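J.: I have a structure I would like to understand better, so I am pasting it below and will then ask my questions one at a time.
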Amino acid sequence: MHGGTADTPASDPSPAARSDRETRNLGSANAPRDVPRGGRAPLAPHPDRLLPPEPTQRGIARRLYDSVRDLPVISPHGHVEARLLADDEPFTDPASLLVTPDHYVTRLLHAHGLTMNELGVRDSDGAEQAAPREVWRAFCEHWHLFLGTASRQWIEAELHDVLGVTVQPSAATADELFDELTERLSLPEFRPRALYESFGIEALATTDDPADDLAHHRALTEDPSWSGRVVPTFRPDRYLDASTPDWPAALDALAEASGIDTGDYTGFVRALENRREYFRAHGATATDHSAPDARTAFLDGDEAQRLFRRVHSGTGSDDDARLLSQQLLGEMARMSSEDGMVMALHTGVRRGHHPETLRRFGPDTGHDIPLQAEFTGALQPMLERFGTNPRFQTVVFTLDETVFSRELAPLAGFYPSVYLGAPWWFLDAPRAMHRFRDAVTETAGFYRNAGFIDDTRGFCSIPARHDTARRVDAAHLSGLVAEHLIDEDDAARVIHDLHDRQPRAAFRL
Amino acid sequence: MHGGTADTPASDPSPAARSDRETRNLGSANAPRDVPRGGRAPLAPHPDRLLPPEPTQRGIARRLYDSVRDLPVISPHGHVEARLLADDEPFTDPASLLVTPDHYVTRLLHAHGLTMNELGVRDSDGAEQAAPREVWRAFCEHWHLFLGTASRQWIEAELHDVLGVTVQPSAATADELFDELTERLSLPEFRPRALYESFGIEALATTDDPADDLAHHRALTEDPSWSGRVVPTFRPDRYLDASTPDWPAALDALAEASGIDTGDYTGFVRALENRREYFRAHGATATDHSAPDARTAFLDGDEAQRLFRRVHSGTGSDDDARLLSQQLLGEMARMSSEDGMVMALHTGVRRGHHPETLRRFGPDTGHDIPLQAEFTGALQPMLERFGTNPRFQTVVFTLDETVFSRELAPLAGFYPSVYLGAPWWFLDAPRAMHRFRDAVTETAGFYRNAGFIDDTRGFCSIPARHDTARRVDAAHLSGLVAEHLIDEDDAARVIHDLHDRQPRAAFRL
Amino acid sequence: MHGGTADTPASDPSPAARSDRETRNLGSANAPRDVPRGGRAPLAPHPDRLLPPEPTQRGIARRLYDSVRDLPVISPHGHVEARLLADDEPFTDPASLLVTPDHYVTRLLHAHGLTMNELGVRDSDGAEQAAPREVWRAFCEHWHLFLGTASRQWIEAELHDVLGVTVQPSAATADELFDELTERLSLPEFRPRALYESFGIEALATTDDPADDLAHHRALTEDPSWSGRVVPTFRPDRYLDASTPDWPAALDALAEASGIDTGDYTGFVRALENRREYFRAHGATATDHSAPDARTAFLDGDEAQRLFRRVHSGTGSDDDARLLSQQLLGEMARMSSEDGMVMALHTGVRRGHHPETLRRFGPDTGHDIPLQAEFTGALQPMLERFGTNPRFQTVVFTLDETVFSRELAPLAGFYPSVYLGAPWWFLDAPRAMHRFRDAVTETAGFYRNAGFIDDTRGFCSIPARHDTARRVDAAHLSGLVAEHLIDEDDAARVIHDLHDRQPRAAFRL
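Below, the structure written as structure tokens:
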């Protein structure tokens with residue numbers, strides 16, 4: 001298949017390409033970025049993709065998958081904005097849809113020597129960013145770099161199943177695909193609301209700032225021509241993290257949104273309660289928290305007030321700021337135990353690992369890097385107080401797989417309030433999903449799982465991601481059936497519940 | 001298979017059930033606890049369960065499994081009490097046998113909103129506990145929650161293979177099963193000694209307090225009608241943990257049992273030696289230790305004496321108490337290096353994570369949650385001293401899988417005294433066992449393993465657990481044979497040794 | 001197959017063997033070291049070994065493997081010495097070739113109670129070491145202990161494919177194999193240079209001390225009869241680790257080699273630069289670093305000078321020494337960003353875990369034990385400075401698998417300078433390799449991998465190790481093809497690149 005020898009490897013760049021490279025980026029000198037790849041290979045995702053190869057097991061998996069393939073999509077956590085559906089403006093072009101805003105995609109291209117500017121990301125230094133067609137070409141030329149990644153699966157499915165593309169992206173097909181997709185995206189059936197319908201979405205949760213007036217959510221609810229369900233999620237990170245320079249400004253914004261003075265602890269807490277109430281009145285069922293770790297504090301009122309004053313006045317130490325953040329996370333748990341909003345909690349990532357990229361291109365640009373996680377000790381103070389409280393419920397996510405079997409499954413296997421969050425972010429890919437099930441099921445069964453969340457910023461990736469999760473669960477369960485650990489009827493019930501009952505139950509949707 | 005739509009999901013509770021739930025337990029409001037499940041589905045564990053689906057590989061696995069299926073059971077570590085066999089009283093009913101005392105079972109039902117009282121656990125607050133029939137009903141109604149868990153495999157095997165049940169537990173079958181099993185358990189062939197024989201147990205180690213007089217062990221040994229082998233294990237945790245309020249009382253108990261004054265360090269150490277000697281005289285070959293971590297200290301005599309005095313007199317710090325505990329664990333290692341008792345060591349769990357449950361229902365009620373483990377540094381002081389000492393031997397267990405490939409296999413692959421303990425507690429389940437073999441074998445081979453331990457409190461689960469382990473090992477080895485890494489004759493020898501030679505060697509049984 | 005009962009287990013030692021054992025080594029009393037094993041079982045590695053059993057998938061795997069089986073070997077990191085090829089002396093006997101110098105082999109035999117002396121390792125206490133024939137016998141008698149290990153795969157392949165052996169090592173065959181191999185090794189075609197040719201090695205990197213004059217490398221380059229490529233690697237560990245008593249002597253050696261006074265910081269840094277330049281002039285493309293962790297420091301010149309003086313004069317604290325080591329590692333990164341040498345970095349092992357063995361038998365004797373690793377925070381200061389610098393490049397290795405998915409794949413998936421090192425040391429075995437691919441590919445694709453390194457001290461194991469890696473990659477990719485995640489043409493391209501382009505690119509070879 002490969003006639004290449006060591007002297008002329010199949011995938012070596014041409015000398016011309018090499019010299020061009022060398023003048024601009026030695027770091028990627030040897031990376032395959034300039035390799036001419038593919039011509040017009042067909043894009044035809046296999047109907048049995050992700051299902052196990054052994055014939056008997058595949059048969060079981062196919063039946064299980066078929067039984068849930070067309071279930072409605074329940075998306076209890078993600079980053080699509082309500083504005084998208086409220087405005088219902090057409091998408092403009094494939095680069096702006098699939099490449100530039102997706103940091104799963106841009107980070108890997110960046111790792112192969114492309115700059116954020118070449119990928120169309122806005123640069124606060126003012127350097128020009130590439131036009132969408134250029135971005136799309138760059139993406140298509142480097143498509144093979146995504147082989148084996150979750151992104152490749154999703155984008156193949158989006159291109160083929162949603163957008164009707166039948167040819168693989170490549171240098172040779174980039175321009176025709178750009179033109180074809182740009183035209184198609186202008187059609188009525190590719191507008192966000194039409195896609196929402198065709199995706200079979202039954203409920204979609206957005207992620208919102210507590211000071212947000214939720215105008216777009218309201219616009220949707222009040223629009224008689226709209227019958228979908230888009231609910232906000234209360235995400236108060238910037239109000240709880242008292243260690244950042246932005247915290248005072250956040251307090252002001254909260255004061256304005258709530259009409260409550262946030263200048264002392266009691267007022268601040270009341271303002272948060274006020275905004276939670278506002279969110280619930282607009283359909284929210286959950287809060288969402290990214291914290292350095294899962295630790296909470298429960299100081300009494302006076303102590304909390306004094307701590308707040310120190311931090312608020314700028315006289316507190318770093319430890320004070322950290323403790324106040326833990327205290328505020330504890331307040332969130334307390335509020336959840338009263339108002340019943342589900343507390344989605346994820347920890348352990350170093351955000352903005354490359355400061356220069358953060359400065360120029362902003363957050364969520366692909367260099368948030370996970371850290372070791374610890375939950376057994378960290379969650380204890382919260383679970384000691386609320387772990388068996390029937391109104392309290394939390395869904396715990398991690399980027400550190402080692403806690404699945406060691407900590408999260410045992411916790412979810414005892415506390416009625418703890419749901420196991422799906423494998424998430426870097427772990428929302430087929431093999432990682434299998435590892436998750438293997439790690440937790442033997443300890444916690446299937447019914448302590450929160451089901452799948454897509455966590456996506458890419459609206460068109462929603463059906464692809466849910467489809468992937470359904471296929472992986474079908475594959476996984478088919479293994480248990482083929483090994484005679486559960487029978488096929490039970491497996492069918494389980495997979496149905498995982499993609500229907502469990503996310504509703506976990507997020508009280 | 002599932003006709004349910006999003007509006008009427010197959011497994012949604014009825015409105016009546018819902019309102020009933022809401023009044024009593026919102027935490028499990030959305031959990032499937034009230035779902036009517038199953039009618040009279042047959043219970044018929046497949047003869048090839050746990051064996052791989054690919055036909056060639058399954059053939060290999062089946063031959064390997066058949067070659068060890070009927071080997072005697074060697075159980076070098078567990079929590080069955082000698083009294084059970086000494087008294088030989090019949091079991092009373094299935095709930096008292098299979099549900100209430102098994103914290104693998106009660107914890108998962110608790111996670112789905114059942115209370116410990118509903119599960120028959122004695123409540124020190126005096127709240128009434130459910131009668132066995134009620135407990136059994138609750139268990140049967142929620143049987144589907146165990147799908148995919150190790151507990152389900154074991155209980156299916158116990159019900160079918162030991163107790164002759166041929167119908168799955170369900171709401172519909174609960175009462176008839178209760179009656180049937182209650183009657184059957186009263187028959188002579190279901191008494192503990194008869195079961196011991198029918199299980200093919202060759203050696204069974206109990207876990208005992210150093211102050212125990214081992215009267216039940218002695219009764220068995222002296223009973224001419226009894227030919228089994230039940231040996232005690234020396235478990236001195238409460239004497240070594242100098243940080244607990246119970247420690248002084250433990251010292252008094254030890255003094256009484258040994259007839260040696262434990263009021264100074266030398267006496268205390270001599271008292272421990274005395275009780276080890278007593279245990280060895282009653283057949284013990286091993287000690288068993290649950291420590292916060294594996295660290296040992298080796299202070300000289302005077303320093304140890306002074307430390308002991310500080311802690312004993314209540315003037316020591318927390319660090320003193322910790323150091324004394326490490327010193328005492330070091331003494332255990334030293335004693336093992338002299339008397340040859342095998343030191344079984346397991347670390348890294350937060351016991352009593354939910355204090356209220358601990359207070360009301362006692363220890364071992366399902367909320368001991370694992371922590372990160374570290375052995376490379378922690379074991380170093382002990383192995384520096386005794387690691388190549390031919391009388392010293394230790395078997396190391398962990399609840400943190402990450403140390404298998406990183407630390408334990410490399411340690412067991414160098415030190416002749418270190419045996420790899422089997423995957424244990426939350427990890428004694430099929431997929432976790434496969435992960436264990438994958439993690440350690442390439443570094444340490446098969447012959448540094450201690451073989452399987454069942455670690456069970458449930459007498460009737462012994463054959464099920466050993467059978468599961470044999471099946472998993474057959475499945476695992478069949479993979480190596482099918483990939484032509486080892487030949488089938490070698491695999492047969494290995495699986496035999498894993499379930500016969502290795503536990504004898506590791507525990508010097 | 002096994003007629004053994006509990007009383008006479010198939011593999012129990014004879015009573016005679018037992019009593020013999022007991023007198024000399026109770027620690028291995030129950031170990032199977034004395035078990036007579038095997039007679040004349042054939043040694044015939046299966047052509048499809050390591051390929052998946054399912055027939056369709058095996059067909060794919062076989063085609064993928066065939067497409068790379070005969071590719072030249074690129075070995076960018078290992079411990080074969082240039083002297084071996086420069087001198088081209090014949091190997092003397094199989095024990096000196098395969099057993100005594102291979103700490104993968106000696107450590108496991110040691111774990112089963114054999115002493116280092118019995119394995120031929122030189123003892124600085126002067127105790128006699130066994131003769132090669134005795135060592136070989138000991139090895140052959142215990143050959144079954146290696147079942148399931150990576151070492152067994154490699155040695156089987158070496159014996160069969162390189163040395164033409166067709167019978168398994170065993171007590172019965174030890175002497176004839178020793179004689180046969182000793183004779184064969186004296187033949188011209190088994191000399192190092194002839195083997196280099198027959199192994200198809202295209203490039204081989206050695207690991208060298210910065211003060212080394214590289215005379216053997218030069219001798220090879222200047223030898224007109226030699227056409228291979230053997231390049232040195234700059235490994236400055238002992239110069240960078242300021243915490244050891246040997247550090248001052250290392251500085252002197254460096255001063256002598258460079259002709260630059262290393263008595264102050266500036267001179268020391270210049271001397272290191274000088275030796276890097278020297279190494280580059282002799283073909284080196286990379287440096288290699290084993291550090292306690294990956295942390296670097298970047299103090300300014302004056303501060304560094306003062307720190308150096310404190311440590312150099314012996315007045316510095318332990319923290320000073322550590323900080324200086326981090327500063328020096330930072331200098332290495334800075335130099336790499338200027339001279340373009342690739343920085344291979346591996347961390348997290350406790351070397352010399354058993355001090356007595358270290359003292360008597362030296363380093364690299366099988367008791368270097370891995371520790372937990374952390375890279376996200378530790379690498380940040382270095383990557384903040386050089387992470388997107390096109391001349392800077394690093395290949396990161398770990399002994400702690402947990403960082404693959406959590407830290408290394410996300411880092412390599414963003415920074416163009418970071419390549420994922422292959423699974424290494426204890427992890428360079430088939431199942432660990434599969435876990436590595438599963439852990440990283442979904443996040444980072446295939447093209448952020450550095451390809452395989454053999455890291456071997458055993459020259460004859462080079463082809464076996466590369467062949468194993470190619471088989472495992474073929475097996476792994478065949479799974480993705482069989483699950484329809486990538487098509488077979490793409491898989492063929494990927495496996496070719498993994499064993500050709502990627503190591504060249506990662507190590508700039």
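Protein chains in written order, with UniProt numbering: chain P, 1 to 509; chain Z, 1 to 509; chain C, 1 to 509.
Even glycine gets a Cβ: it sits at the ideal position worked out from N, Cα and C.
If you're wondering where the values come from, they're calculated on a predicted model, not measured in any experiment.
Any beta carbon from chain C within less than 8 Å of residue 510 of chain Z's own beta carbon?
T.: Residue numbering for chain Z in the displayed model covers 1 to 509; residue 510 of chain Z lies beyond these limits and cannot be assessed.
J.: Shortest alpha-carbon distance to P/Ser325 belongs to which of P/Thr244, P/Glu374, P/Glu338 and P/Asp209?
T.: Nearest C-alpha to P/Ser325: P/Thr244.
J.: Do Z/Val99 and Z/Phe139 have their CB atoms nearer than 8 Å?
T.: Result yes, Cβ atoms of Z/Val99 and Z/Phe139 sit closer than 8 Å.
J.: Between C/Thr456 and C/His79, how many whole angstroms is the CB-CB distance? I'm expecting something under 8 Å.
T.: Contact holds; Cβ gap of about 6 Å.
J.: Determine the direct distance from the alpha carbon of P/Pro53 to that of P/Arg63, and round the result to whole angstroms.
T.: So the alpha carbons of these two residues sit roughly 14 Å apart.
J.: Drop a sphere of 10 angstroms on the beta-carbon of P/Arg504, count the other beta-carbons inside from all chains shown, and report buried for 16 or more, exposed for fewer.
T.: P/Arg504 comes out buried.
J.: Is Z/Arg122 helix, strand or coil by DSSP?
T.: Here Z/Arg122 sits in coil by DSSP.
J.: How far does the alpha helix (DSSP H) with P/His289 in it reach, from first residue to last?
T.: Note, P/His289: premise wrong, no alpha helix (DSSP H); beta strand (DSSP E) at Ala286 to Ala291.
J.: Taking 8 Å as the threshold, find out whether the stretch 304-316 of chain P comes into contact with the stretch 361-380 of chain P through three or more Cβ pairs.
T.: Short answer: they don't touch.
J.: Is Z/Asn274 helix, strand or coil by DSSP?
T.: Here Z/Asn274 sits in helix by DSSP.
J.: Does C/Gly27 come within less than 8 Å of chain P when only Cβ atoms are used?
T.: Low confidence applies here, because C/Gly27 scores a pLDDT of 35, under 50, leaving its location unreliable; read the following figure in that light. Chain P contact via Cβ: absent.
J.: How far does the beta strand (DSSP E) with Z/Ile74 in it extend, from its first residue to its last?
T.: Val73 to Ser75 is the span of the beta strand (DSSP E), which, as asked, contains Z/Ile74.
J.: First and last residue of the alpha helix (DSSP H) that includes Z/His346?
T.: Taken as a continuous stretch (DSSP letters only), Z/His346 belongs to no alpha helix (DSSP H), being part of the beta strand (DSSP E) at Val342 to Thr347.
J.: I'd like to know if Z/Pro32 contacts chain P, where contact means its C-beta is closer than 8 Å to some C-beta of that chain.
T.: Caution applies to Z/Pro32, whose pLDDT of 42 falls short of 50 and renders its modelled position unreliable; the value that the coordinates give is listed next. Cβ-Cβ to chain P under 8 Å: yes for Z/Pro32.
J.: On the three-state DSSP scale, how would you describe Z/Ala505?
T.: Here Z/Ala505 sits in helix by DSSP.
J.: Can you find a CB in chain Z that lies within less than 8 Å of the CB of C/Ile495?
T.: Output row for C/Ile495: interface = no.
J.: Determine the closest residue to P/Asp400 out of P/Ala203, P/Pro232 and P/Leu408, with distance taken between C-alpha atoms.
T.: Nearest C-alpha to P/Asp400: P/Leu408.
J.: Could you tell me the distance, in whole angstroms, from the CA atom of C/Ala82 to the CA atom of P/Ala412?
T.: Those two C-alpha atoms are separated by around 57 Å.
J.: So what's C/Glu202 in DSSP terms, helix, strand or just coil?
T.: Reduced to three states, the DSSP call for C/Glu202 is strand.
J.: Can you grab the Cα-Cα spacing for the pair Z/Ala29 / P/Asp428, in whole Å?
T.: Because Z/Ala29 sits at a pLDDT of 37, beneath the cut-off of 50, its placement in the model cannot be relied upon, and the point is left open.
J.: Note down, in chain order, every chain Z residue with its Cβ under 8 Å from the Cβ of P/Ser405.
T.: Going along chain Z in sequence order, the residues near P/Ser405 (Cβ under 8 Å) are Glu401, Phe426, Leu427 and Ala432.
J.: By the criterion of Cβ-Cβ separation under 7 Å, what are the contact partners of P/Ala448 in chain Z?
T.: As written in the sequence, residue 448 of chain P is Arg, which differs from the Ala given in the question. Within chain Z, the residues near P/Arg448 are Ala111.
J.: Do you know offhand how far Z/Phe404's Cα is from Z/Ala439's?
T.: Cα to Cα, the separation comes out at about 6 Å.
J.: Note down, in chain order, every chain P residue with its Cβ under 9 Å from the Cβ of Z/Gln129.
T.: In chain order: nothing, as chain P lies at least about 17 Å away.
J.: With distances taken between CB atoms, is the gap from C/Asp66 to C/Arg58 smaller than 8 Å?
T.: Cβ atoms of C/Asp66 and C/Arg58: not closer than 8 Å.
J.: Within the continuous beta strand (DSSP E) that includes P/Thr394, where are the two ends?
T.: From DSSP, the beta strand (DSSP E) with P/Thr394 extends over Thr394 to Thr398.
J.: Using the C-alpha atoms, what's the distance from P/Asp208 back to P/Glu222?
T.: Their backbone Cα atoms lie some 19 Å apart in a straight line.
J.: Using a C-beta cutoff of 8 Å, does C/Pro94 count as contacting chain P?
T.: So, not an interface residue.
J.: Less than 8 Å between the beta carbons of C/Arg276 and C/Met343, yes or no?
T.: No.
J.: If you measure between the beta carbons of P/Arg50 and P/Ala475, is that distance less than 8 Å?
T.: Strictly speaking, residue 50 of chain P in this sequence is Leu, with Arg absent from that position. Yes; because the gap between Cβ atoms is below 8 Å, this pair is in contact.
J.: What are the residues of the stretch 368-384 of chain C that lie near chain P, defined by any Cβ-Cβ distance shorter than 7 Å?
T.: Per Cβ criterion, the list reads Glu374, Thr376, Gly377, Gln380, Leu383 and Glu384.
J.: Judging by CA-CA distance, which residue of Z/Trp425, Z/His282 and Z/Phe386 is the nearest neighbour of Z/Leu398?
T.: Inspection of the sequence shows that residue 398 of chain Z is occupied by Thr rather than by Leu. Nearest C-alpha to Z/Thr398: Z/Trp425.
J.: I want to verify the contact list: residues of chain P whose CB lies under 7 Å from the CB of C/Pro410, in sequence order.
T.: Going along chain P in sequence order, the residues near C/Pro410 (Cβ under 7 Å) are Ile369, Pro370 and Phe426.
J.: For a cutoff of 8 Å on Cβ pairs, would you count P/Tyr196 as touching chain Z?
T.: With 8 Å as the cut-off, P/Tyr196 does not count as an interface residue toward chain Z.
J.: Z/Gln305 touches chain C at which residues, Cβ-Cβ below 7 Å?
T.: Correct list: empty, because the minimum Cβ distance to chain C is about 27 Å.
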